[in-house]
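Undergrad:
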Amino acid sequence: ITCDSSYPYRSFDGSCNNLANPSYGQTGSAFRRILAPAYGGDGTGSTPRLSASSGGDLPNPRAISVLIHDPADFTHDSFTQMVMQWGQFLDHDITDTPTASNATVCCYDSLVTSNEVHSDVTTGGACFPIIIAEGDRYFDTVSTRCMVFYRSDPITDSDGVRQQYNAATPWIDGSQIYGTSETVAASLRSGSQGKLLVRTIGDEDFLPEDSSSSDSVCFVRESGEYCFLAGDHRVNVFAGLSAFHTIFVRYHNTICDRLLALNPSWDDETTFQEARRIVVAVLQVITYKEFMRHILGTTVANTYDLLVGDENYAYDASVDPTLSNVFSAAAYRFGHSMLSDSLTVNGTATLTSDLYMRPKYTLNSMAAVLDGLQDEKLFRTDRWYTQSLTDRMFETPESPQSGFDVAARNIQRGRDHGLPSYNAWREHYGLGKKTSFDEMDQGSARYSRLYESVDDIDLYSGGVSENLVSGGRVGELYAIIMGEQFKDLKFGDRFWFENTGDVSSFSSKQINQLRRVSLARVLCDTVTGIESVRESPFKALDDASNPLTPCSEILDINIERAWS
Numbered sequence: 001i002t003c004d005s006s007y008p009y010r011s012f013d014g015s016c017n018n019l020a021n022p023s024y025g026q027t028g029s030a031f032r033r034i035l036a037p038a039y040g041g042d043g044t045g046s047t048p049r050l051s052a053s054s055g056g057d058l059p060n061p062r063a064i065s066v067l068i069h070d071p072a073d074f075t076h077d078s079f080t081q082m083v084m085q086w087g088q089f090l091d092h093d094i095t096d097t098p099t100a101s102n103a104t105v106c107c108y109d110s111l112v113t114s115n116e117v118h119s120d121v122t123t124g125g126a127c128f129p130i131i132i133a134e135g136d137r138y139f140d141t142v143s144t145r146c147m148v149f150y151r152s153d154p155i156t157d158s159d160g161v162r163q164q165y166n167a168a169t170p171w172i173d174g175s176q177i178y179g180t181s182e183t184v185a186a187s188l189r190s191g192s193q194g195k196l197l198v199r200t201i202g203d204e205d206f207l208p209e210d211s212s213s214s215d216s217v218c219f220v221r222e223s224g225e226y227c228f229l230a231g232d233h234r235v236n237v238f239a240g241l242s243a244f245h246t247i248f249v250r251y252h253n254t255i256c257d258r259l260l261a262l263n264p265s266w267d268d269e270t271t272f273q274e275a276r277r278i279v280v281a282v283l284q285v286i287t288y289k290e291f292m293r294h295i296l297g298t299t300v301a302n303t304y305d306l307l308v309g310d311e312n313y314a315y316d317a318s319v320d321p322t323l324s325n326v327f328s329a330a331a332y333r334f335g336h337s338m339l340s341d342s343l344t345v346n347g348t349a350t351l352t353s354d355l356y357m358r359p360k361y362t363l364n365s366m367a368a369v370l371d372g373l374q375d376e377k378l379f380r381t382d383r384w385y386t387q388s389l390t391d392r393m394f395e396t397p398e399s400p401q402s403g404f405d406v407a408a409r410n411i412q413r414g415r416d417h418g419l420p421s422y423n424a425w426r427e428h429y430g431l432g433k434k435t436s437f438d439e440m441d442q443g444s445a446r447y448s449r450l451y452e453s454v455d456d457i458d459l460y461s462g463g464v465s466e467n468l469v470s471g472g473r474v475g476e477l478y479a480i481i482m483g484e485q486f487k488d489l490k491f492g493d494r495f496w497f498e499n500t501g502d503v504s505s506f507s508s509k510q511i512n513q514l515r516r517v518s519l520a521r522v523l524c525d526t527v528t529g530i531e532s533v534r535e536s537p538f539k540a541l542d543d544a545s546n547p548l549t550p551c552s553e554i555l556d557i558n559i560e561r562a563w564s
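Here UniProt numbering is used: position 352 in the sequence shown is 352, and no number is missing along the way.
#1: Taking 8 angstroms as the threshold, find out whether the region 261-274 comes into contact with the region 113-125 through three or more Cβ pairs.
#2: Have a look at Asp438 and Ser453 and give me their C-alpha separation to the nearest angstrom.
#3: Give the list of continuous beta strand (DSSP E) stretches no shorter than 3 residues that lie fully inside the region 113-145.
#4: Please confirm whether any heavy atom of the ligand ADP lies closer than 8 angstroms to the CB of Pro59.
#5: Is it a yes or a no for the region 490-499 touching the region 155-174, going by three-plus beta-carbon pairs under 8 angstroms?
#6: To the nearest angstrom, how far is the alpha carbon of residue 566 from that of Val522?
#7: Three or more C-beta pairs closer than 8 angstroms, one from the region 404-417 and one from the region 456-473: is that the case here?
#8: When we look at the beta-carbon of Val148 and count the other beta-carbons within 10 Å, is it buried (16 or more) or exposed?
#9: Taking the alpha-carbon of Thr75 as reference, which of Arg221, Leu196, Ala329 and Met338 has the nearest alpha-carbon?
#10: Look at Gly194 and Gln88 and say whether their C-beta atoms are less than 9 angstroms apart.
#11: Is the beta carbon of Asp13 sitting closer than 9 angstroms to the one on Asp232?
#12: Going by the beta-carbon positions, is the gap between Phe219 and Pro397 smaller than 9 angstroms?
#13: Starting from His336, follow the alpha helix (DSSP H) in both directions and report where the run begins and ends.
#14: Which residues in the same chain have their Cβ closer than 7 angstroms to the Cβ of Arg33, if we skip the five residues on either side of it in sequence?
#15: To which residues of the same chain is Pro98 closer than 6 angstroms at the C-beta, ignoring the five residues directly before and after it?
#16: Would you check if the distance between the CB atom of Phe238 and the CB atom of Met357 is smaller than 9 angstroms?
#17: Could you spell out where the beta strand (DSSP E) holding Arg162 opens and where it closes?
#18: With respect to the alpha helix (DSSP H) encompassing Lys360, which residues constitute its N-terminal and C-terminal limits?
#19: Whose CA, out of Arg62, Arg383 and Asp441, lies closest to the CA of Glu134?
#20: Tell whether a beta-carbon distance below 9 angstroms holds between Trp86 and Glu225.
#21: So residue 577 and Ser365 are supposed to be a Cβ contact under 8 angstroms. How far apart are they, rounded?
#22: Which of helix, strand or coil does DSSP assign to Ile466?
#23: Starting from Arg189, follow its DSSP beta bridges and name the residues at the other end.
#24: Beta strand (DSSP E) containing Arg534: first to last residue?
#25: Helix, strand or coil for His428? Go by DSSP, reduced to three states.
#26: Quick one: grab the DSSP three-state call for Gly475.
#27: I need the DSSP call for His92, collapsed to helix, strand or coil.
#28: Rounded to whole angstroms, what's the CA-CA distance from Arg151 to Asp267? Just pull it up for me.
#29: Is it buried or exposed, Arg221, if we count other Cβ atoms within 10 angstroms and call 16 or more buried?
#30: Nearest by alpha-carbon distance to Leu555: which of Asp205, Leu262, Ser65 and Arg534 is it?
#31: Where DSSP assigns a beta bridge to Ser546, which residues make up the other side?
#32: Just to confirm my understanding: we take Gln513, look at its own chain, exclude 5 residues before and 5 after, and list those with CB closer than 8 angstroms. What are they?
#33: Inspect the CB distances between the region 477-488 and the region 498-515 and report whether three or more fall short of 8 angstroms.
#34: For the region 322-336 against the region 23-33, are there 3 or more C-beta pairs whose distance is under 8 angstroms?
#35: Nearest to Ile411 by alpha carbon, out of Leu468, Met82, Ala329 and Thr47?
#36: Could you check what DSSP says for Thr299 in three-state terms: helix, strand or coil?
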């Protein structure tokens, strides 16, 4: 890789951020291993983690989901579903794990009726299906009792061991908005005034159409609907996510207008790149100024220097920002536990499972979806999961029982990646192993019914079942894994908005302006008809601590002052 050290903008594929190690943060990089993988078989990864410490089988992921991650008890939080939604939007900026695909049929009846094991499971093939026991609470036919699951697309390291890779850049760089290659970025640009492509409907701008649309992209059922195109292929997954993609495309184009008013001679490329710089900085500010303290708590966030406003920020070129496998495949999936069973959209309680892959909600009711995310309380991160996620994930309207169980899939994904057990990670981080099931924070009796030993508990399941750190939304183990990762993403990024003295740096005046921005301000600038907003959309409305505030009183970046 050849880098131009005088070029002031990020690459799209993440390369050339670190000039001494240009491939740091590049798309296609293998996830970093903190602990060696605990694969089955010969340990190379052709066989996933299948065995308990005794040599017997690990419990079935669907059985774990049904017994431990059941929908019995939800505790509402003082925060809103906006926390979950920002977490997903951020996730799609920093991680994308492709799945392997081949022509093998993953599910057939004899896997269910005769307890056969799919031949792929021990030979490194793509299929690793989840078999569902007879008498399941939801999936009750032979054909629906095999849940298709593809292993992550593998690459092999120098020791011949199976690894997984990140198709996104780990940087907080807006790749979900702009794409991860020059080609994708070009396909999203209008070619004029630095702006991104939009489709204008009435007087509102929406995302452009994905012309390859099929039911694998989104469910289009009514005239006028279409699947959205964005920098990340998962844009259509959830109505709230599509809404965030839409407001940030609008925000980019608004910034272009403001920059061009000051610099009318700028060409398309300069305007695009300068607006992109600002949008990426805004993503970083919202993530580290607002989101991070809600997820990790102020104490943990301060331990890792994760809050915004540090006058002494120093870029560290020795930091490798590569996402860890454990962060991507387990810890950062904690947000699934926070999702509520429904959102109120236009006064109607709408099942969250009905908001998957359905662009009509963003096209017809985007402001109402965003209101619903702010009105609906966050579910506390714990072992309880809504059935919208454990029974009806991506279920099509025409095909009941066609969906997935996200908790079972997350457990299966950890085994696919060879992630060591929950206790192995607690021991690694000095937290102390759980020596008996009774020591589990939640669900101890249920864990003992499924697992032979507390040492066998899958990381994903154990991690979300911990009591929360002070002020945070995760337990102590996930707080460490995430704290370390987000520290690397901040201090290992040459283009971090607070970095000074680089060809890419903002001026101190610009940095001070960028620190003022908030999610509330972005909503004010992008949502049609909005006149007032909560000071923090992440928190429940409170007349004293989080009142509705006129947009005219929400701090803005003074581009006209700092960029002229």
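Backbone N, C-alpha and C define an ideal beta-carbon position, used for all residues, glycine too. Predicted, not measured: the structure shown is a model, and the values here were computed from it.
TA: Once the coordinates are examined:
#1: No, the region 261-274 does not touch the region 113-125.
#2: For the purposes of this step, residue 438 is taken as the residue at position 438 of the sequence shown. For the purposes of this step, residue 453 is taken as the residue at position 453 of the sequence shown. Between Asp438 and Ser453, the C-alpha separation is close to 12 angstroms.
#3: none
#4: In the structure shown, the ligand ADP is absent, as is every other ligand, since no ligand is present at all.
#5: The region 490-499 and the region 155-174 touch, with no fewer than 3 CB-CB distances between them shorter than 8 angstroms.
#6: Outside the displayed range of the chain (1 to 564) lies residue 566, so it cannot be described from this structure.
#7: yes
#8: Numbered from 1 along the sequence shown, position 148 holds the residue referred to as residue 148. Looking at its Cβ environment, which holds fewer than 16 other Cβ atoms inside 10 Å, Val148 is exposed.
#9: As a working note, residue 75 is residue 75 in the sequence shown. Nearest option by C-alpha distance: Met338.
#10: Here residue 194 corresponds to residue number 194 of the sequence shown, with the count starting at 1. Here residue 88 corresponds to residue number 88 of the sequence shown, with the count starting at 1. No. Outside cutoff.
#11: Indexing the sequence shown from 1 puts residue 13 at position 13. Indexing the sequence shown from 1 puts residue 232 at position 232. In this structure, Asp13 keeps its C-beta atom at 9 angstroms or more from the C-beta atom of Asp232.
#12: One-based indexing of the sequence shown puts residue 219 at position 219. One-based indexing of the sequence shown puts residue 397 at position 397. The Cβ atoms of Phe219 and Pro397 sit closer than 9 angstroms to each other.
#13: Counting from one through the sequence shown, the residue named residue 336 turns up at place 336. Note, His336: premise wrong, no alpha helix (DSSP H); not H, not E.
#14: As a working mapping, residue 33 is identified with position 33 in the sequence shown. Closer than 7 angstroms at Cβ, skipping near neighbours: Asn325.
#15: By one-based count along the sequence shown, residue 98 stands at place 98. Hits under 6 angstroms: Asp153 and Ala167.
#16: On the sequence shown, position 238 is the one that residue 238 refers to. On the sequence shown, position 357 is the one that residue 357 refers to. Yes, the pair counts as a contact, with Cβ atoms nearer than the cut-off.
#17: Taking the sequence shown and counting its residues from 1, one reaches residue 162 at position 162. Its beta strand (DSSP E) spans residues Arg162 to Asn166.
#18: For the purposes of this step, residue 360 is identified with residue 360 of the sequence shown, where counting begins at 1. Residues Lys360 to Asp375.
#19: Along the sequence shown, read from residue 1 onward, the residue named residue 134 stands at position 134. Checking every option, the nearest Cα to that of Glu134 belongs to Arg62.
#20: Here residue 86 refers to the residue found at position 86 when the sequence shown is read from its first residue. Here residue 225 refers to the residue found at position 225 when the sequence shown is read from its first residue. No, Cβ-Cβ distance for Trp86 and Glu225 is not below 9 angstroms.
#21: In the structure displayed, the chain extends from 1 to 564; residue 577 sits before or after that span and is not available.
#22: Taking the sequence shown and counting its residues from 1, one reaches residue 466 at position 466. Before going further, note that residue 466 is Glu rather than Ile in the sequence given. If DSSP states are grouped into helix, strand and coil, Glu466 belongs with coil.
#23: As a first step, residue 189 must be located in the sequence shown, where it is residue number 189. Bridge partners of Arg189: Leu196.
#24: Along the sequence shown, one-based indexing puts residue 534 at 534. Per DSSP, Arg534 belongs to the beta strand (DSSP E) from Ser532 to Arg534.
#25: The sequence position of residue 428 within the sequence shown is 428, counting from 1. Looking at His428 - three-state DSSP - the assignment turns out to be helix.
#26: As a position in the sequence shown, residue 475 is number 475, starting the count at 1. Reduced to three states, the DSSP call for Gly475 is strand.
#27: As a working mapping, residue 92 is identified with position 92 in the sequence shown. Looking at His92 - three-state DSSP - the assignment turns out to be helix.
#28: Position 151 of the sequence shown holds residue 151. Position 267 of the sequence shown holds residue 267. Near 45 angstroms, if we compare the C-alpha coordinates of Asp267 and Arg151.
#29: Taking the sequence shown and counting its residues from 1, the one referred to as residue 221 is at position 221. By the neighbour-count definition (other C-beta atoms within 10 Å, threshold 16), Arg221 is an exposed residue.
#30: Here residue 555 refers to the residue found at position 555 when the sequence shown is read from its first residue. Comparing Cα positions, the closest option is Arg534.
#31: Translated into positions along the sequence shown, residue 546 becomes position 546. Before going further, note that residue 546 is Asn rather than Ser in the sequence given. Asn546 pairs with Asp542.
#32: Working through the sequence shown from its first residue, we reach residue 513 at position 513. Listed in chain order, the non-local C-beta contacts of Gln513 below 8 angstroms within the same chain comprise Ile557, Asn558, Ile559, Arg561 and Ala562, local neighbours out to five positions each way being set aside.
#33: no
#34: yes
#35: Here residue 411 is taken as the residue at index 411 of the sequence shown, counted from 1. Ile411 has its Cα closest to that of Ala329, out of Leu468, Met82, Ala329 and Thr47.
#36: For this step, residue 299 is matched to residue 299 along the sequence shown. Helix at Thr299.
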